[in-house]
Amino acid sequence: MSPRKSAGKELSREMVLTEARNLFATLGYSNVSMRQLAKSLDCSHGAIYYHFKNKAEIYYSLVKTDFSVLNHLIDDIIISENDPSQKIEKILLCFIEFGLTQQNHYSIMFLSKEKEIQQLLQFDSNKTYEKLIQSLTELTDNKLNPASIWSIFLSLHGFITFYINSELSYPDVKGLAYFHVKNIIKNIV
């Protein structure tokens, strides 16, 4: 048996988050324990408690960061583009690209069915959805209502989840993503 990593010295917060993300995405939140995470990291479970008070805190740290990254990507598009239709296209493509290049992140953010963590997701997912509503509403001069934007979100989400479950990556489906987004835009601009 190999020696365990010592608490707080070799085991970093980032190491815990990286391994937890992989386990949560592949096994599901309820199927991962702190002891299982420690075993996977080859450390004592006490070493993980040095960084996090419980599994829920680890999960929330992951989703909070992921939603923040997605929100910043959308903000960057809004700031950098001038043409509203180009902004819309880039925002929708950005969402798909994020979902397919960061599949474990997306799975943890949007595909969890765990009742225990739904409340953890609610605030940050609502914040991202509100950003999408505000952006698309402004970029279409108030032509879209929240129900229409929800439909757009579901269309993007369906595209992402279909390809998350396949062997194809974002570069493999980039042309299809572009075609999908163009079809969405055709109905809203």
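All letters in the sequence shown, in the order written, are residues 1 to 189 by UniProt numbering. Where a beta carbon is used, it is the ideal one built from N, C-alpha and C, also for glycine.
Quick check on residue i: buried or exposed, where buried means 16 or more other Cβ atoms within 10 Å of its Cβ?
i, result
"LYS55", "buried"
"ALA147", "exposed"
"TYR106", "buried"
"ARG21", "buried"
"GLY46", "exposed"
"LEU27", "exposed"
"ASP124", "buried"
"GLY175", "exposed"
"LEU168", "exposed"
"ALA177", "buried"
Ignore the nearest five residues each way along the sequence and tell me which others in residue i's own chain have a CB closer than 8 Å to its CB.
i, result
"LYS87", "ILE77, ILE78, GLU81, SER135, LEU139"
"ARG35", "HIS45"
Just the C-alpha distance for residue i and residue j, rounded to the nearest angstrom, thanks.
i, j, result
"LYS186", "GLU97", "20 Å"
"PHE52", "LEU23", "16 Å"
"SER30", "ASN71", "27 Å"
"HIS180", "LEU11", "43 Å"
"MET15", "TYR49", "13 Å"
"LYS113", "ALA25", "12 Å"
"ASN183", "GLU57", "40 Å"
"ASN145", "GLU116", "31 Å"
"VAL32", "ASN126", "26 Å"
For residue i, which residues in the same chain have their Cβ closer than 6 Å to its Cβ, ignoring the five residues on either side in sequence?
i, result
"ILE164", "GLN103"
"VAL173", "TYR163"
"LEU41", "GLU19"
"SER166", "none"
"MET109", "VAL63, ASP66"
"THR161", "none"
If contacts are defined as beta-carbon pairs under 8 Å, then residue i and residue j qualify, I think. What distance do you get, rounded to the angstrom?
i, j, result
"LEU73", "TYR170", "In fact, because the Cβ distance is near 14 Å, the residues do not count as touching under 8 Å."
By Cβ distance below 7 Å, which residues in the same chain neighbour residue i in space, the five residues on each side in sequence not counted?
i, result
"LYS131", "ASN71, ILE74"
"THR128", "PHE67, LEU70, ASN71"
"TYR59", "PHE24, TYR29, ILE117, LEU120"
"ASN142", "none"
"ILE133", "PRO146, ILE149"
"HIS157", "PHE110"
Quick one: any contact between the region 62-72 and the region 115-132, if contact means 3 or more CB pairs under 8 Å?
yes
Check whether the region 136-152 touches the region 85-96, taking contact to mean three or more Cβ pairs, one atom from each stretch, closer than 8 Å.
Inter-segment contact for the region 136-152 and the region 85-96 is present: three or more beta-carbon pairs are separated by less than 8 Å.
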